[in-house]
Amino acid sequence: MLLVLFRVTVLLICIYTVRHYFFTLNRLFGRQRHPYVDVDSADWPAITILIAAHNEEAVVADILKALLEVDYPRDRLTIIPVNDRSTDRTREIIDAFVAQHPFIEPFHRSGGKPGKAAALKDAMARVNTEVVLIFDADYIPGKALIRQLVAPFFDPEVGAVMGRVVPLNVGKKCLTRLLDLERSGGYQVDQQARMNLHMVPQYGGTVAGVRKSALDEIGGWNENALAEDTDLTYRLLLAGWKTVYENRAECYEEVPERWPVRVRQIMRWAKGHNQAMTRYIVPTAKRDGLSWVERIDGVFLLGVYVMGPALLLGWSLAVVLFYTGAQIGGGLAVLALGAFTTLGNFAAFFEIGAAARLDGSRQRIRLLPLTLFGFTVSLISVSRAAWQQAHESFFGSADLVWHKTERSRTAPVLEEHLARTAPVLEESV
Amino acid sequence: MSSWAPLALTTVTAALLAVPVAPALYELWKREDAAPLPTSRHDGRIANFADVFRSRLEPLRPRLERCRAQLEISRARVDGIEVLLVGCNAEDFDFDPSLVQGIAAVMFSRAALIPAGRVVDADIYADAALELEEGAALRAAVGRSDITLGKDSGVLRWLHADGGIYLRRGSSAYGRLSAGQSIRMEPGCGFQRMHAPSILTVDAGQDGDCVSVPSTAHVCETSEDAQHLPADRGEVFASSRPRLRVKGNFVLAPGETLNANVITTGELQFGAGARLFGSVKSYRGAELEEGSCVHGSIVCGGTLRLGPRSFVTGPIMAEGDVLVARGCRVGEPDALTTISSSGTQIAPGCQLHGTVWARVRGSVED
Numbered sequence: 002m003l004l005v006l007f008r009v010t011v012l013l014i015c016i017y018t019v020r021h022y023f024f025t026l027n028r029l030f031g032r033q034r035h036p037y038v039d040v041d042s043a044d045w046p047a048i049t050i051l052i053a054a055h056n057e058e059a060v061v062a063d064i065l066k067a068l069l070e071v072d073y074p075r076d077r078l079t080i081i082p083v084n085d086r087s088t089d090r091t092r093e094i095i096d097a098f099v100a101q102h103p104f105i106e107p108f109h110r111s112g113g114k115p116g117k118a119a120a121l122k123d124a125m126a127r128v129n130t131e132v133v134l135i136f137d138a139d140y141i142p143g144k145a146l147i148r149q150l151v152a153p154f155f156d157p158e159v160g161a162v163m164g165r166v167v168p169l170n171v172g173k174k175c176l177t178r179l180l181d182l183e184r185s186g187g188y189q190v191d192q193q194a195r196m197n198l199h200m201v202p203q204y205g206g207t208v209a210g211v212r213k214s215a216l217d218e219i220g221g222w223n224e225n226a227l228a229e230d231t232d233l234t235y236r237l238l239l240a241g242w243k244t245v246y247e248n249r250a251e252c253y254e255e256v257p258e259r260w261p262v263r264v265r266q267i268m269r270w271a272k273g274h275n276q277a278m279t280r281y282i283v284p285t286a287k288r289d290g291l292s293w294v295e296r297i298d299g300v301f302l303l304g305v306y307v308m309g310p311a312l313l314l315g316w317s318l319a320v321v322l323f324y325t326g327a328q329i330g331g332g333l334a335v336l337a338l339g340a341f342t343t344l345g346n347f348a349a350f351f352e353i354g355a356a357a358r359l360d361g362s363r364q365r366i367r368l369l370p371l372t373l374f375g376f377t378v379s380l381i382s383v384s385r386a387a388w389q390q391a392h393e394s395f396f397g398s399a400d401l402v403w404h405k406t407e408r409s410r411t412a413p414v415l416e417e418h419l420a421r422t423a424p425v426l427e428e429s430v
Numbered sequence: 053m054s055s056w057a058p059l060a061l062t063t064v065t066a067a068l069l070a071v072p073v074a075p076a077l078y079e080l081w082k083r084e085d086a087a088p089l090p091t092s093r094h095d096g097r098i099a100n101f102a103d104v105f106r107s108r109l110e111p112l113r114p115r116l117e118r119c120r121a122q123l124e125i126s127r128a129r130v131d132g133i134e135v136l137l138v139g140c141n142a143e144d145f146d147f148d149p150s151l152v153q154g155i156a157a158v159m160f161s162r163a164a165l166i167p168a169g170r171v172v173d174a175d176i177y178a179d180a181a182l183e184l185e186e187g188a189a190l191r192a193a194v195g196r197s198d199i200t201l202g203k204d205s206g207v208l209r210w211l212h213a214d215g216g217i218y219l220r221r222g223s224s225a226y227g228r229l230s231a232g233q234s235i236r237m238e239p240g241c242g243f244q245r246m247h248a249p250s251i252l253t254v255d256a257g258q259d260g261d262c263v264s265v266p267s268t269a270h271v272c273e274t275s276e277d278a279q280h281l282p283a284d285r286g287e288v289f290a291s292s293r294p295r296l297r298v299k300g301n302f303v304l305a306p307g308e309t310l311n312a313n314v315i316t317t318g319e320l321q322f323g324a325g326a327r328l329f330g331s332v333k334s335y336r337g338a339e340l341e342e343g344s345c346v347h348g349s350i351v352c353g354g355t356l357r358l359g360p361r362s363f364v365t366g367p368i369m370a371e372g373d374v375l376v377a378r379g380c381r382v383g384e385p386d387a388l389t390t391i392s393s394s395g396t397q398i399a400p401g402c403q404l405h406g407t408v409w410a411r412v413r414g415s416v417e418d
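Chains as they are written, first to last, in my numbering: chain C, 2 to 430; chain L, 53 to 418.
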């Protein structure tokens, strides 16, 4: 029994290893798909931008200022800061902007269910446009970002769009530098490869857009979802809508600067993702109308946060089987050796290295060995999250609690940042 | 065994373990690459290079005016680049190598002329019209009036005119090509990315000011049937429009009208005179036969063929090529749009409004 379990674990690790290498090689040598990036002239539709804000006094001014500068027809742009039960100066700051710019229509939410999905669900009642863009309050969109996120909606099959997240506070701590590398791997390689291969790019909940009619068709935001983004990706997929990724729709964000904040963040992601897995893995595998590529990728994407505990389980089983004298022979032994002597596999690190190269980062690639530390923390965190979920499912628990990620920014940074970024003189055409 | 042996062993082991992380620790300490990754701040306009070039030269305008008044040629330096200021008439300046040696940009205060067969490395700024004679080539240019590319001439990086641009037979504009008013192209011209409120392909020798492109408006909406058309026909993003998903090929019969967004996993074909109010996506190729209309966007996984006199209002995004037949119209003067494809071939007699981006190569049919 233990041997069978061990074999299954090793097989899973091998599959995910191949998956990582496949994505990375595709990004390095494969055909790249950016089907919507060239659309710079169009009869742009009216859109609404929702800014999810809960106690965001340190950051909300930055995003509002940035959105006032974007290159999008002003008469087709409505900005709704969704101030969700803030107890700090968030409301005051938003209202100061509203006084000067009447097309900003604030939604000050004082009650109701907590959580981003619940707040967005309430805010949607005020949305009259077919295209809705969503940003978290700590993001700083660039001038052309809005058009880049809207362009894919000219494709009638697109239900949601995801842009690329780029950390702004990179140089602050060792953690922020590691997260910068990790984000590069996730977006520059993972998401874009899935876009290239017609798989399932993931809607990420911020720097993102959704088609209102598609959202209405699937029943709106799921306020019971811990990861409303993953939940939405799969509900759209199952309803015949595509989520697409725009690698060049880049937006700055603030990443956690303290390890406890990071641990809480990744545990929330893991729980949300696992929750989506239990709901959608079978429907995704069975759904008619999805290509086989989408089914396979959809299933494996749902399982990414299970791989942490699977790896820990595999290591434990290897020790137990070794001391009990079990016969692990042939190819399995080679696979096991490969898997376990390289901390699961090096594929994820290869992915990060390739992403740094694609981004043109020369020196930050030196930090790659330290990602092992971040990997270990993530491994333990997602395993702990999985354990808590399993425990709660057997013994029951309190309601799901949504934890907002703590902000480190203490004052607006937009001017300082813009002053540092040189304008583009020439680039490849 | 010496008592130092365990210490030595420990030290060597620690050193060996530290070797792989030494560069990482160095980078953490020195922070040589700790800035946020640069994200694009510009707005994606095709004319951006021209705008940046123009703004870099702006401080030299008073000197250029003096050169113009005195009909003289002088050198200046701005923003780290060497600039030649030409105040004399075009015929008095022949790009003498001794004058343009080491020059990165040339500013003309009057109409400028690149002589036949001459290749110019410097970027050109022209305060008036600019003309490239037959076989001439330059890297980049911006003109405050019209620009004409003579037969078989070429531009390698970018070209912008505040007025119009005329590309005569066989000329090529690699990179970016943009005009404030219009771009007119004769057969055999090549391009990659271009933008103008009006882009016309004309027959060779046809006067650019009296281009005749057949109207397609009557094909798409006649007064007698306007009342039967959907009320939201002009709205690409109408949320009430039904979505039609087709497994396999989709054919809209000649003369038929459909109000829906259509997604097909196979080929797409619109018969002559067919009309679609909505957007359409084909996983493979698509063909619009003569006189058909799409009041929306077209997304195509293969090659898209627009038949004669067909009309599309919204963006066209093709992963393969786009072949545009004579008399087609894409976009409208007051509603610019985009054609994006791997390669684009346009027949003479077409009218496009907005951006045409051929990632590999675009051409006007010869």
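Positions of the beta carbon are idealized from the N, C-alpha and C atoms, including for glycine.
Subject >> Distance between E224 (chain C) and K114 (chain C) (C-alpha atoms, nearest Å) >> reply: As a first step, residue 114 (chain C) is located in the first sequence; it is residue number 113 there, counting from the start. As a first step, residue 224 (chain C) is located in the first sequence; it is residue number 223 there, counting from the start. Computed Cα separation, rounded: 8 Å.
**OP:** Just the chain L side, please: which residues come within less than 9 Å of A161 (chain C) by C-beta, in chain order?
**Re:** Within the first sequence, residue 161 (chain C) is the residue found at index 160, counting from 1. Result: empty, since nearest Cβ-Cβ is about 15 Å, beyond 9 Å.
Original post:
What's the call for E106 (chain C), buried or exposed, on a 16-neighbour Cβ count within 10 Å?
Top reply: Position 105 of the first sequence, counted from the start, is the residue given in the question as residue 106 (chain C). Its Cβ having fewer than 16 others within 10 Å, E106 (chain C) is exposed.
Subject >> Alpha-carbon to alpha-carbon, A338 (chain L) and C262 (chain L) >> reply: Numbered from its first residue, the second sequence carries residue 262 (chain L) at position 210. Numbered from its first residue, the second sequence carries residue 338 (chain L) at position 286. Unreliable positioning characterises C262 (chain L) in this predicted model, as indicated by a pLDDT of 43, which lies under 50. The coordinate reading is nonetheless provided below. The straight-line gap from Cα to Cα measures roughly 33 Å.
**OP:** Would you kindly report the start and end of the unbroken alpha helix (DSSP H) that includes H274 (chain C)?
**Re:** By one-based count along the first sequence, residue 274 (chain C) stands at place 273. Here the alpha helix (DSSP H) through H274 (chain C) covers W260 to K287.
Original post:
Which one of L:P149, L:R170 and L:E143 has the shortest CA to CA distance from F160 (chain L)?
Top reply: Walking along the second sequence from the start, residue 160 (chain L) turns up at place 108. Closest option to F160 (chain L), Cα to Cα, is L:E143.
Subject >> As assigned by DSSP and simplified to three states, the class of Y218 (chain L) >> reply: Along the second sequence, one-based indexing puts residue 218 (chain L) at 166. Y218 (chain L) sits in a strand when the DSSP states are folded into three classes.
Subject >> Cα-Cα separation between H109 (chain C) and P114 (chain L), rounded to whole angstroms >> reply: Here residue 109 (chain C) refers to the residue found at position 108 of the first sequence. Here residue 114 (chain L) refers to the residue found at position 62 of the second sequence. Between H109 (chain C) and P114 (chain L), the C-alpha separation is close to 54 Å.
Original post:
If the cut is a Cβ gap below 9 Å, which residues of chain C does E342 (chain L) touch?
Top reply: Mapped onto the second sequence, residue 342 (chain L) falls at position 290. Residues of chain C passing the Cβ test: none, with the nearest at roughly 24 Å.
Subject >> Whole runs of the beta strand (DSSP E) within the stretch 68-144 of chain C, excluding any shorter than 3 residues >> reply: Segments of the beta strand (DSSP E) lying fully in the stretch 68-144 of chain C: 78-85, 108-110 and 132-137.
**OP:** Have a look at H102 (chain C) and V383 (chain C) and give me their C-alpha separation to the nearest angstrom.
**Re:** Numbered from 1 along the first sequence, position 101 holds the residue referred to as residue 102 (chain C). Numbered from 1 along the first sequence, position 382 holds the residue referred to as residue 383 (chain C). Computed Cα separation, rounded: 43 Å.
Subject >> Under 7 Å from the C-beta of Q364 (chain C): neighbouring residues of chain L >> reply: Within the first sequence, residue 364 (chain C) is the residue found at index 363, counting from 1. E79, E84 and D85, listed in chain order.
Subject >> Proximal chain L residues relative to Y246 (chain C), where beta-carbon distance stays under 9 Å >> reply: Residue mapping note: residue 246 (chain C) aligns to position 245 of the first sequence, counting from 1. In chain order: nothing, as chain L lies at least about 15 Å away.
Original post:
For the alpha helix (DSSP H) that contains L69 (chain L), what are its first and last residues?
Top reply: In the second sequence, counting from the first residue as 1, residue 69 (chain L) sits at position 17. It spans W56 to K82 - the alpha helix (DSSP H) in which L69 (chain L) sits, taken as one unbroken run.
Subject >> N-terminal and C-terminal residue of the alpha helix (DSSP H) that M196 (chain C) is part of >> reply: Taking the first residue of the first sequence as 1, we reach residue 196 (chain C) at position 195. Counting along the chain, the alpha helix (DSSP H) containing M196 (chain C) begins and ends at Q193 to N197.
Subject >> CB contact check: I315 (chain L) to chain C, cutoff 9 Å >> reply: Within the second sequence, the letter at position 263 stands for residue 315 (chain L). Interface residue, yes.
Original post:
Who are the Cβ neighbours of P167 (chain L) in its own chain at under 8 Å, not counting the five residues just before and after it?
Top reply: Walking along the second sequence from the start, residue 167 (chain L) turns up at place 115. Result list for P167 (chain L): D146, F147, E185 and A188, in chain order.
Original post:
Who are the neighbours of G172 (chain C) on chain L, taking C-beta pairs under 7 Å?
Top reply: Counting from 1 along the first sequence, the entry for residue 172 (chain C) is found at position 171. By Cβ distance, chain L contributes R83, A86 and A87.
Original post:
With a CB to CB cut of under 7 Å and the five nearest residues on each side skipped, what residues in its chain are close to R20 (chain C)?
Top reply: Stepping through the first sequence from its first residue, residue 20 (chain C) is reached at position 19. Closer than 7 Å at Cβ, skipping near neighbours: F301.
Original post:
Per DSSP, T316 (chain L) forms a beta bridge with which residues?
Top reply: Your numbering for residue 316 (chain L) matches position 264 in the second sequence. According to DSSP, which records beta bridges pairwise, T316 (chain L) is partnered with L:V298 and L:S334.
Original post:
In angstroms, rounded to a whole number, what distance separates the CA positions of V74 (chain L) and L369 (chain C)?
Top reply: Locating residue 74 (chain L) in the second sequence gives position 22, where the first residue counts as 1. Locating residue 369 (chain C) in the first sequence gives position 368, where the first residue counts as 1. One point to set straight first is that residue 74 (chain L) is Ala, not Val, in the sequence displayed. Rounded to the nearest whole angstrom, the CA to CA distance from A74 (chain L) to L369 (chain C) is 11 Å.
Original post:
In whole angstroms, what separates the C-alpha of L216 (chain C) from that of G210 (chain C)?
Top reply: As a working mapping, residue 216 (chain C) is identified with position 215 in the first sequence. As a working mapping, residue 210 (chain C) is identified with position 209 in the first sequence. Here the alpha carbons of G210 (chain C) and L216 (chain C) stand approximately 11 Å from one another.
Original post:
Can the beta-carbon of A86 (chain L) be found less than 9 Å from the beta-carbon of V262 (chain C)?
Top reply: Position 34 of the second sequence, counted from the first residue, corresponds to residue 86 (chain L). Position 261 of the first sequence, counted from the first residue, corresponds to residue 262 (chain C). Going by C-beta atoms, A86 (chain L) is not nearer than 9 Å to V262 (chain C).
Original post:
Short check: CB of L358 (chain L) to CB of V332 (chain L), under 9 Å?
Top reply: Working through the second sequence from its first residue, we reach residue 358 (chain L) at position 306. Working through the second sequence from its first residue, we reach residue 332 (chain L) at position 280. Cβ distance not < 9 Å, so L358 (chain L) and V332 (chain L) don't count as in contact.
Original post:
In the stretch 356-371 of chain L, which residues sit with their C-beta less than 7 Å from some C-beta in chain C, listed in chain order?
Top reply: G366, P367, M369 and E371
**OP:** Just the chain C side, please: which residues come within less than 7 Å of R297 (chain L) by C-beta, in chain order?
**Re:** Taking the first residue of the second sequence as position 1, residue 297 (chain L) is located at position 245. Per Cβ cutoff of 7 Å: G241.
**OP:** Please go through the same chain and pick out, in chain order, the residues whose beta-carbon is closer than 7 Å to the beta-carbon of L112 (chain L), but skip the five residues on each side of it.
**Re:** Sequence index remark: in the second sequence, residue 112 (chain L) carries index 60 (1-based). These residues qualify, in order along the chain: A128, V130, V135, L137 and M159.
Original post:
Taking just the CA atoms, how far does R196 (chain L) sit from I176 (chain L)?
Top reply: Counted from its first residue, the second sequence places residue 176 (chain L) at position 124. Counted from its first residue, the second sequence places residue 196 (chain L) at position 144. Spanning the two alpha carbons is a distance of roughly 11 Å.
Subject >> CB of D89 (chain C) within 9 Å of CB of E70 (chain C), strictly >> reply: Along the first sequence, read from residue 1 onward, the residue named residue 89 (chain C) stands at position 88. Along the first sequence, read from residue 1 onward, the residue named residue 70 (chain C) stands at position 69. Judged by beta-carbon spacing, E70 (chain C) lies beyond the 9 Å limit of D89 (chain C), meaning their Cβ atoms are not closer than that value.
**OP:** Take every Cβ of the stretch 378-396 of chain C, pair it with every Cβ of the stretch 299-315 of chain C, and state whether three or more of those distances are shorter than 8 Å.
**Re:** yes
Original post:
What residue does the beta strand (DSSP E) around A349 (chain C) start on, and which one ends it?
Top reply: Position 348 of the first sequence, counted from the first residue, corresponds to residue 349 (chain C). Not the beta strand (DSSP E): A349 (chain C) falls in the alpha helix (DSSP H), residues A348 to L359.
Original post:
Looking at the structure shown, is M2 (chain C) part of a helix, part of a strand, or coil, going by DSSP?
Top reply: Position 1 of the first sequence, counted from the first residue, corresponds to residue 2 (chain C). The answer is coil: DSSP assigns M2 (chain C) none of H, G, I, E or B.
Original post:
Given a threshold of 16 other Cβ atoms within 10 Å of its Cβ, counted over all protein chains shown, does L3 (chain C) qualify as buried or as exposed?
Top reply: Position 2 of the first sequence, counted from the first residue, corresponds to residue 3 (chain C). That one is exposed.
Original post:
Nearest chain L C-beta to P74 (chain C) closer than 9 Å, yes or no?
Top reply: Within the first sequence, residue 74 (chain C) is the residue found at index 73, counting from 1. Closer than 9 Å: no.
**OP:** Answer yes or no: does any C-beta atom of chain C fall closer than 9 Å to that of V135 (chain L)?
**Re:** Your numbering for residue 135 (chain L) matches position 83 in the second sequence. Not one chain C Cβ lies under 9 Å of V135 (chain L).
Original post:
Can at least three beta-carbon pairs, one atom from the stretch 237-249 of chain C and one from the stretch 187-196 of chain C, be found at a separation below 8 Å?
Top reply: Cβ pair count under 8 Å is three or more, so yes.
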